[in-house]
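For reference, the structure discussed in these notes is given below.
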Amino acid sequence: MERTFVMIKPDGVQRNLVGNIIACFEKKGLKIVGLKMMRIPRDLAEKHYGEHKDKPFFGPLVEYITSGPVVAMVLEGKDAVTTVREMMGATNPLKAAPGTIRATYGMDIGRNVVHGSDSPASAGREINLFFSPEELVDYRRDVDRWIY
Ligand code: RTP
Ligand code: MG
20 MERTFVMIKP
30 DGVQRNLVGN
40 IIACFEKKGL
50 KIVGLKMMRI
60 PRDLAEKHYG
70 EHKDKPFFGP
80 LVEYITSGPV
90 VAMVLEGKDA
100 VTTVREMMGA
110 TNPLKAAPGT
120 IRATYGMDIG
130 RNVVHGSDSP
140 ASAGREINLF
150 FSPEELVDYR
160 RDVDRWIY
């Protein structure tokens, strides 16, 4: 099974969407193996979004992601990275397919509610940035035989 890093961004927390968004992933069949609320320190935000450091939106992006608490999680499942990206929809909520999380809850590219790793390599890197190994929980779910 594959793991991916997912984060409910500060706007999602402020707008009381934490329960709804986690419920989307849970109901889909993804397994939560790590979960915490945190405020992202600036250096972690800059590392997390390091690939964008030369882009014009980097400064505002780091301001936004450090502006309030986030809910960070690690989700596990078959093709978890792609599954989460499909469920989130395009970066710009205006372009996101109907029914996706960003289309449902977002209005603006700079306030798009949720983050998900864009590849298995990014997932590995981001999970290591945000979680220590002891914070990730290995457990069996009986329901998995009805999902797979
Ligand atoms: P994320 O990393 O946050 O999950 O979003 P993503 O993969 O869909 O998009 P990415 O290209 O990685 O961009 C990271 C975040 O930067 C903001 N952004 N603003 N103004 C712009 O043109 C622009 N482009 C990207 C978005 O908030 C995006 O989520
Ligand atoms: Mg990205």
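If you're matching positions, the sequence shown starts at 20 in the working numbering and goes up one per residue.
Virtual Cβ for every residue (Gly too), placed ideally from N, Cα, C.
Remember, it's a predicted structure, so these values are computed and weren't measured experimentally.
Terminal residues of the beta strand (DSSP E) in which residue i lies
i, result
"Arg31", "For clarity, residue 31 is Gly in the given sequence; the question names Arg instead. It is not in any beta strand (DSSP E) - Gly31 instead sits in the alpha helix (DSSP H) that spans 29-33."
Residue i Cβ short of 7 Å to the ligand NAP heavy atom set
i, result
"Gly129", "For the ligand NAP, the structure offers nothing, since it holds only the ligand RTP and the ligand MG."
Residue interval of the alpha helix (DSSP H) (run including residue i)
i, result
"His71", "Unbroken run through His71: none, as it is neither H nor E."
"Pro79", "77-84"
"Ala116", "No alpha helix (DSSP H) contains Ala116, which DSSP labels as neither H nor E."
"Lys46", "37-47"
"Thr104", "Looking at the sequence shown, residue 104 is not Thr but Arg. It spans 99-107 - the alpha helix (DSSP H) in which Arg104 sits, taken as one unbroken run."
"Asp163", "163-166"
In DSSP terms, what residue i is bridged to
i, result
"Met92", "Val25, Leu54"
"Gly135", "Val25"
"Arg130", "Asp127"
Counted within 10 angstroms of its Cβ, other Cβ atoms place residue i as buried (16 or more) or exposed
i, result
"Lys50", "buried"
"Lys11", "The structure shown has nothing for residue 11, since the chain only spans 20 to 167."
"Val89", "buried"
"Arg164", "exposed"
"Pro112", "buried"
"Met26", "buried"
"Ala99", "buried"
C-beta neighbour in chain B for residue i, strict 8 Å
i, result
"Leu36", "Structure shown: chain B not included; a single protein chain is present."
Pick out every residue whose C-beta is nearer than 7 Å to a heavy atom of the ligand MG: which are they, in chain order? Every residue with a CB closer than 7 Å to a heavy atom of the ligand MG is listed here in chain order: His134, Asp137.
Would you call the stretch 148-167 and the stretch 76-96 in contact, with 3 or more CB pairs under 8 Å? Yes, since at least three Cβ pairs between the stretch 148-167 and the stretch 76-96 fall closer than 8 Å, the two stretches touch.
Hey, is the stretch 52-70 in contact with the stretch 104-123, meaning 3+ C-beta pairs nearer than 8 Å? Put simply, the stretch 52-70 does not touch the stretch 104-123. Fewer than three CB pairs are less than 8 Å apart.
Can at least three beta-carbon pairs, one atom from the stretch 33-45 and one from the stretch 118-132, be found at a separation below 8 Å? Of all C-beta pairs linking the stretch 33-45 to the stretch 118-132, three or more are shorter than 8 Å, placing the two stretches in contact.
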